[in-house]
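Input: a single structure, listed below in structure tokens.
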Amino acid sequence: MSEAQAKSPQPSADPERWLDDHGDYLFKYAVFRLRDDIVAEDAVQETFLAALKAYGNFEGRGSERTWLVGILKHKIIDHFRRVGREAPIGEEPDDGPEHREFFDRPGEWQGHWNANWAPNDWHATPAELVERGDFWKVFNDCLSPLPQRTVSAFTLREVEGLKSEEICDILSIKVNNLWVMLHRARLHLRNCLELNWFKQEQ
Amino acid sequence: MALKLYDKLKHAVRYWLLRTLPTCQQTVELISQSMERPLTFGESFKLKLHVWICVWCQWYMEHLLVIRDASRTKADQAPDLMTSPPLSNEARERIRRRLTNQN
Numbered sequence: 030m031s032e033a034q035a036k037s038p039q040p041s042a043d044p045e046r047w048l049d050d051h052g053d054y055l056f057k058y059a060v061f062r063l064r065d066d067i068v069a070e071d072a073v074q075e076t077f078l079a080a081l082k083a084y085g086n087f088e089g090r091g092s093e094r095t096w097l098v099g100i101l102k103h104k105i106i107d108h109f110r111r112v113g114r115e116a117p118i119g120e121e122p123d124d125g126p127e128h129r130e131f132f133d134r135p136g137e138w139q140g141h142w143n144a145n146w147a148p149n150d151w152h153a154t155p156a157e158l159v160e161r162g163d164f165w166k167v168f169n170d171c172l173s174p175l176p177q178r179t180v181s182a183f184t185l186r187e188v189e190g191l192k193s194e195e196i197c198d199i200l201s202i203k204v205n206n207l208w209v210m211l212h213r214a215r216l217h218l219r220n221c222l223e224l225n226w227f228k229q230e231q
Numbered sequence: 102m103a104l105k106l107y108d109k110l111k112h113a114v115r116y117w118l119l120r121t122l123p124t125c126q127q128t129v130e131l132i133s134q135s136m137e138r139p140l141t142f143g144e145s146f147k148l149k150l151h152v153w154i155c156v157w158c159q160w161y162m163e164h165l166l167v168i169r170d171a172s173r174t175k176a177d178q179a180p181d182l183m184t185s186p187p188l189s190n191e192a193r194e195r196i197r198r199r200l201t202n203q204n
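Sequences listed follow chains A and B, in order. Using the working numbering, the letters of the first sequence correspond one by one to residues 30 to 231. Using the working numbering, the letters of the second sequence correspond one by one to residues 102 to 204.
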């Protein structure tokens, strides 16, 4: 490399180098949110293709990685929009298990926790869980039986922290449906984590 | 004697409250709503009272917040610190081919 080049590296659209430098980073970012290798791989590919087209707008301002992550975020939201549009016919927006059995008790305490399903003390802090790779595996497995749109709503709310209105717009649903979906996702996930993670840990 | 009376009274109050307040099934729904919108004064009062006397719903509420907090912290973690597997070789090659075809 000549001295001039070393001093002022001319940024150029080099998708192969992008793939080497940022491919894994973008993939891990995407797969945590999309929970599916193939879908995440597609999102990464779409990101590089879009970056190639839009390279003129970047012109080396700021970090290349930040720029690519910005594009990827849009691709991830695009995926959730598709889920909203393509929800299978017949799948009501508020689909998902109601888990009535959790509150099934004979007699006067009907509607209160059935002891078989009642929560236990977790003895866990969020900080500890973040570090446990196997916890997130169980987390994904617990979400996977839920309807796609319910999982998307949950991810956009609890992982991305988007506001209700934004999520309703992305998934083409009404806010009341969103609340029902979130409630069912939480009810299901909490119980599944307790059975498959917290009880196993103790 | 006094202690026994106090215990009896405590149980009676707890029993009466649980019979009067929304059930656990209704309360967990309210807990979820409380994470989405401000509750009305009445809702919030009933929720607090129920959670005060029902450790199961108290734990339920704690757990939902642990899940939210952990999910958002995890999402903020730099992806290169995540222990999940990287791009597979096949996927990498597929993307590489697609990108070079573009040039």
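Heads up, the beta-carbon is just placed ideally off N, CA and C, and yes, glycines get one too. The structure presented is a predicted model; accordingly, all values stated were derived computationally and were not measured.
Own chain residues within Cβ distance below 7 Å of residue i, not counting five before or after
i	result
residue 151/B	122, 123, 128, 158
residue 133/A	143
residue 169/A	64
residue 161/B	129, 132
residue 106/A	199
residue 201/B	none
residue 199/B	none
Own chain partners of residue i with C-beta closer than 8 Å, once the 5 adjacent residues on each side are dropped
i	result
residue 188/A	61, 62
residue 100/A	76, 79, 80, 83
residue 185/A	109, 191, 195, 196, 199, 200
residue 56/A	69, 70, 73
Any C-beta of chain B under 7 Å from that of residue i
i	result
residue 37/A	Reliability of the predicted coordinates at residue 37/A is poor, the pLDDT of 40 falling under 50, and no value is obtained from them.
residue 191/A	no
residue 140/A	yes
residue 56/A	yes
residue 77/A	yes
residue 107/A	no
residue 83/A	no
residue 188/A	yes
Closer than 7 Å to chain A by CB, residue i
i	result
residue 133/B	yes
residue 175/B	yes
residue 118/B	no
residue 162/B	no
residue 198/B	no
residue 108/B	no
residue 139/B	no
residue 122/B	no
residue 128/B	no
residue 167/B	yes
residue 192/B	yes
residue 54/B	The structure shown has nothing for residue 54/B, since chain B only spans 102 to 204.
residue 145/B	no
residue 153/B	no
residue 171/B	yes
Distance CB(residue i)-CB(residue j) smaller than 7 Å
i	j	result
residue 115/B	residue 154/B	yes
residue 180/A	residue 172/A	yes
residue 141/B	residue 162/A	no
residue 53/A	residue 187/B	yes
residue 147/A	residue 175/A	no
residue 178/A	residue 116/A	yes
residue 135/A	residue 167/B	no
Reduced DSSP secondary structure (H/G/I, E/B, other) of residue i
i	result
residue 96/A	helix
residue 76/A	helix
residue 190/B	helix
residue 158/B	helix
residue 71/A	helix
residue 177/A	helix
residue 151/A	coil
residue 197/B	helix
residue 170/B	helix
residue 38/A	Annotation note: pLDDT 44 at residue 38/A (below 50); position unreliable, coordinate value reported separately. Residue 38/A: coil per DSSP, three-state reduction.
residue 164/B	helix
residue 194/A	helix
residue 134/B	helix
residue 143/A	coil
Contacting residues, own chain, Cβ-Cβ under 6 Å from residue i (five flanking each side not counted)
i	result
residue 128/A	216
residue 147/B	122, 123
residue 140/A	132
residue 225/A	167
residue 227/A	151
Anticipated Cβ contact below 8 Å, residue i with residue j, distance rounded
i	j	result
residue 113/A	residue 210/A	Not quite, the Cβ-Cβ distance comes to about 12 Å (not below 8 Å), so this is no contact.
residue 208/A	residue 137/B	6 Å
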